[in-house]
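First residue of the sequence shown: 2, per our numbering; consecutive thereafter. Heads up, the beta-carbon is just placed ideally off N, CA and C, and yes, glycines get one too. None of these values were measured; they are calculated from a predicted model. To start, the structure itself, in structure tokens.
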Amino acid sequence: MARTKDSLLILGGLLLAIICVPSHTLAQDTSLKPGINKSFEDPDVEKRVQSFEGESREISQRRKEIVEVCQLTPGLDVADVGAGTGLFTRPFARKVGPKGTVYAVDIADKFVDHILATCKEQDLANVKGIVCSHESTKLPPDSVDVAFICDTYHHFEFPYKTMATVHKALRPGGRLIVIDFKKIPGVSRDWILGHVRCNQEETTAEIVDAGFELIDTPDIMKEQYVLRFRKK
């Protein structure tokens, strides 16, 4: 009888654990945007530097304001998820200083190698590179105070699984900043409407579902939005 009770308690605990995990996290076994990251399997880094860091790109024009929105202080540990060519990794590293760490996370190993090389050239020794997967940032648990995702959320093929790893990597009360394109029919460019998976409201809902609460939405850009969250 005691053994039966123990078995029932264990079964009940497992069922409760499953219920507490969002159903979409368990069910998402197929990519929501197959092939969107194919061009990053073997990127031409120099060409990407020109396009990612060129002054014609809004986030490049507004990079100082974006860095300020992140409210970084010396000693913080930061994850730049989808770091690309390091447009924000390097200023983040300067903001947090030698006592802080910036994790440059990207799916392309060539980008990570480029970031580490440019940081070395600029005497930024507080940057660590992580080559992530389609489903995970591969950040260590409880490793960062701030996570930053710029022009990358719509590239997540498995957003629920990926955001679960971001949530796990953030320390209690950790902050998340997400920047992506406004997808508004009749207003946004055709490229955005065809390329970007979800709009601001849908992105917000997915991230809240992943265990975050929305703090505010700083209005600093025209074509893109900024969302600031806190880990629940």
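Contact between V50 and T102 is ruled out by a C-beta separation of about 24 Å, above the 8 Å threshold. By the neighbour-count criterion, in which a residue is buried when 16 or more other Cβ atoms sit within 10 angstroms of its Cβ, K100 is exposed. Put simply, of G212, T218, E122, I67 the residue whose alpha carbon is nearest the alpha carbon of K162 is G212. For D181 against V167, the beta-carbon gap comes to about 15 Å, at or over 8 Å, which does not count as contact. By the Cβ neighbour-count rule, R91 is buried, with 16 or more other Cβ atoms within 10 Å of its own. Beta bridge pairing from DSSP links F213 with K232. Inter-segment contact for the stretch 130-141 and the stretch 185-199 is absent: fewer than three beta-carbon pairs are separated by less than 8 Å. Per DSSP, P173 is one residue of the beta strand (DSSP E) stretching across 171-182.
For C151, the uninterrupted beta strand (DSSP E) run begins and ends at 145-151, by DSSP. In the structure shown, T166 adopts helical secondary structure according to DSSP, grouped into three states. Minimum Cα-Cα distance from V113 among the listed residues F149, E214, V46, P173 corresponds to V46. If you draw a straight line from the Cα of F230 to the Cα of D43, it is about 32 Å long. DSSP places Q225 in the strand class (E or B) of the three-state scheme. With a 10 Å radius around the Cβ and a threshold of 16 neighbouring Cβ atoms, A165 comes out buried. Here G83 is near C151, since their CB atoms are less than 8 Å apart.
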